[in-house]
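Notes for the one structure printed next.
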Amino acid sequence: MEVIEKSTEGLSREFTVKVPAKELDAKLTAKLEEMKGQVHLKGFRPGKAPVSFLKKMYGKSMMGELIQETMQEAQAKALDENKLQPAMAPHPHIDESKIKDVIEGKADLEYDIHVEVLPTFEPMDVTGMDLTKLVAEPGDDEIQETLDNIAKQNRDFKPRGKTAKAKDGDRLIIDFVGKLEGEEFEGGKGEDQPLELGSGRFIPGFEEQLVGVKTGEEKTIEVTFPEEYQAEHLAGKAVTFDVTVKEVQAPQDSEINDEMAKNLGFDDLEALKTTIKERLQAELDSQSRLHLKRAILDKLDENHDFDLPQGMVDAEFDQIWRQVQQTELDDEDKSKSEDELKEEYRKIAERRVRLGLVLAEIGKAQKVEVPQEDMNRAFQQQAQQYGIPAKQLADFYQQNPQAIQQLRAPIFEDKVIDYIIGEAKIEEKKVSKDELMEDPDDDVETAAAAV
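Quick note on numbering: the sequence shown equals residues 1 to 451 in full-length UniProt numbering.
Dropping the structure here:
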């Protein structure tokens, strides 16, 4: 086997692979010798069938497998001998019209391999990096607003009386039967169902038609299911509901006091306020880190300029562009042509790939690792998020090593960011909650898969 470097241009490498037909035939003969003792053929004692006969029987199918193995060996040889780190899997260029002759032993195996390699660069020294950290604290008004919402969510309802008319904010206890073209439909029946008017819990038009009803009243309402309704047999269909109002209840404001806090599992109101403040602070701290991460990534991007593997950029751009096509454009993007949008998003793809490579290099130099417990936690969170049984998800990851890398990549990225924060000189700047909660742009997400 000969593996000869054909061309070098930037991060692109081309190799020519030549494997003589005699070498392939020798490998085939060796494989047939190995399997001879395992083959039972009519007319031959076990292990006594001639290799020449086996070659006629199995040669072509085995040669196809042998060519694939040889191509894998050639790729490994090209990378190992030239000490290359591929950015993506090498891509072979082979003339399919000649494969038949190679399989039949009439021609040498000859083809080209194209591979893009990772760039070589020296990452910047992050020690002492100057950063400004935006910080904010929850105010008393925010804590009170949260308390008010909790009180509203946990308020009681009391009967209004038989003559009182229901209004928005009231709760009804109802029985109902849904009918499509006069016939009851599956899932359209309920008994003793609580319904807070104005909550938007039922399909559009349902609650509005119950405003003004009284306890004991029976009413038939007409509504149309949304076109995108999950039950296909009901989507976009006009139906009726026979509703019996069993009780109209008025909301009772809950007092914000120790008793309310105890009903929620806290020792007293002060303990509830402390927990609320800690939760609000955690949300602000998370947003503060997001801004800090953006500042770090901006500095890394500004201080690194090297050639990027175009295959990686193309893959990242394709992923971004698919997302763009699946979402509605904002007003600013609507005014741009497709070519303009593609140019902008390609720059974002280049930034993400560049930052992914820089973070990977810094992490490698500092021996940053992802503990197994972090992977297990991410695994469990994903299983809960998608409602997938843990075993089913585990089987998926076992069969898809690339998916494991995608799960690991953002964790690794955050570990590297933590390292940089630990090495940086950080000055805190107090800002308002509104300023802190501003979106630091979608570009905060880097090409984590690149690491």
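Positions of the beta carbon are idealized from the N, C-alpha and C atoms, including for glycine.
Given residue i as reference, the closest of the options once Cα atoms are compared
i, options, result
"GLU255", "SER61, MET71, GLN144 and GLN406", "GLN144"
"ASP439", "ARG289, ASP305, PRO410 and GLU350", "ARG289"
"GLU34", "LEU54, SER12 and GLU332", "LEU54"
"GLY187", "ASP418, LEU195 and PHE176", "PHE176"
"ASP414", "GLY356, ALA89 and ASN263", "GLY356"
"LYS364", "THR70, GLU73 and PHE121", "PHE121"
"GLY190", "GLU232, MET88, GLN72 and PHE241", "PHE241"
"GLU278", "LYS430, MET57, GLN68 and GLU142", "GLU142"
"ASP264", "GLY64, LYS334 and LEU147", "It should be pointed out that residue 264 corresponds to Leu in this sequence rather than to Asp. Cα-wise, what sits closest to LEU264 is LEU147."
"GLN287", "LYS433, LEU84, GLN85 and LEU11", "LYS433"
"GLY10", "GLY64, ALA87, LYS299 and SER97", "ALA87"
"GLY59", "GLU69, HIS304 and THR29", "THR29"
"ILE94", "GLU208, GLN68, LYS83 and LEU84", "GLN68"
Proximity of residue i and residue j at Cβ, strictly below 8 Å
i, j, result
"LEU197", "ALA151", "no"
"LYS22", "LEU66", "no"
"LEU180", "VAL239", "yes"
"PRO90", "TYR111", "no"
"ILE296", "ILE417", "yes"
"ARG13", "VAL115", "yes"
"LEU234", "LEU210", "no"
"LEU195", "PHE202", "yes"
"GLN193", "ILE174", "yes"
"ALA383", "LEU407", "no"
"ILE404", "TYR397", "yes"
Same chain, Cβ closer than 6 Å to residue i, neighbours up to 5 away in sequence not counted
i, result
"GLY200", "none"
"GLU427", "THR132"
"GLU217", "VAL245"
"PRO123", "VAL358, GLU361 and ILE362"
"GLY205", "VAL223"
"MET1", "VAL19"
"GLU5", "PHE15"
"GLY105", "ALA21 and ASP25"
"GLY139", "none"
"residue 456", "Since the first residue shown for the chain is 1 and the last is 451, residue 456 is missing from the structure and cannot be characterised."
"residue 462", "With the chain covering 1 to 451 only, the question about residue 462 has no answer from this structure."
"GLU283", "none"
Whole-angstrom C-beta distance between residue j and residue i, which should lie under 8 Å
i, j, result
"ARG160", "ASP168", "Between ASP168 and ARG160 the Cβ distance is about 13 Å, and since that is not below 8 Å, they are no contact."
"LEU109", "VAL19", "4 Å"
"GLU137", "GLN281", "7 Å"
"ASP258", "LEU269", "5 Å"
"VAL17", "ILE113", "6 Å"
"MET62", "LYS31", "6 Å"
"ALA107", "VAL3", "No, ALA107 and VAL3 are not in contact; Cβ-Cβ is about 18 Å, not under 8 Å."
Own chain partners of residue i with C-beta closer than 8 Å, once the 5 adjacent residues on each side are dropped
i, result
"ALA164", "LYS214, THR215, VAL248 and ALA250"
"PRO266", "Reading off the sequence shown, one finds Phe at residue 266, where the question assumed Pro. Correct list, in chain order: LEU272 and THR275."
"HIS291", "LYS133, LEU134, LEU436 and PRO440"
"GLN252", "ARG155, ASP156, PHE157 and LYS158"
"ILE420", "VAL126, MET129, ILE296 and ILE362"
"GLY236", "THR224, PHE225, PRO226, GLU227 and TYR229"
"LYS425", "GLY128, MET129, ASP130 and LEU131"
"PRO401", "none"
"TRP321", "LYS342 and TYR345"
"LYS262", "ASP268"
Proximity test, Cβ basis, 8 Å: residue i and chain B
i, result
"ASP108", "Of the chains in the structure shown, none is chain B; there is only one protein chain."
Neighbourhood of residue i by C-beta distance below 7 Å, restricted to the same chain and skipping five residues each side
i, result
"LYS299", "MET129"
"GLN85", "VAL117 and LEU118"
Inter-stretch contact (C-beta, 8 Å, three-pair minimum) for the stretch 63 to 81 and the stretch 345 to 362: Contact fails between the stretch 63 to 81 and the stretch 345 to 362, because fewer than three Cβ pairs, one in each stretch, are under 8 Å apart.
Below 8 Å, can you find three or more Cβ-Cβ pairs linking the stretch 363 to 379 to the stretch 129 to 137? A contact is defined here as three or more CB-CB pairs under 8 Å, and the stretch 363 to 379 fails this definition with respect to the stretch 129 to 137.
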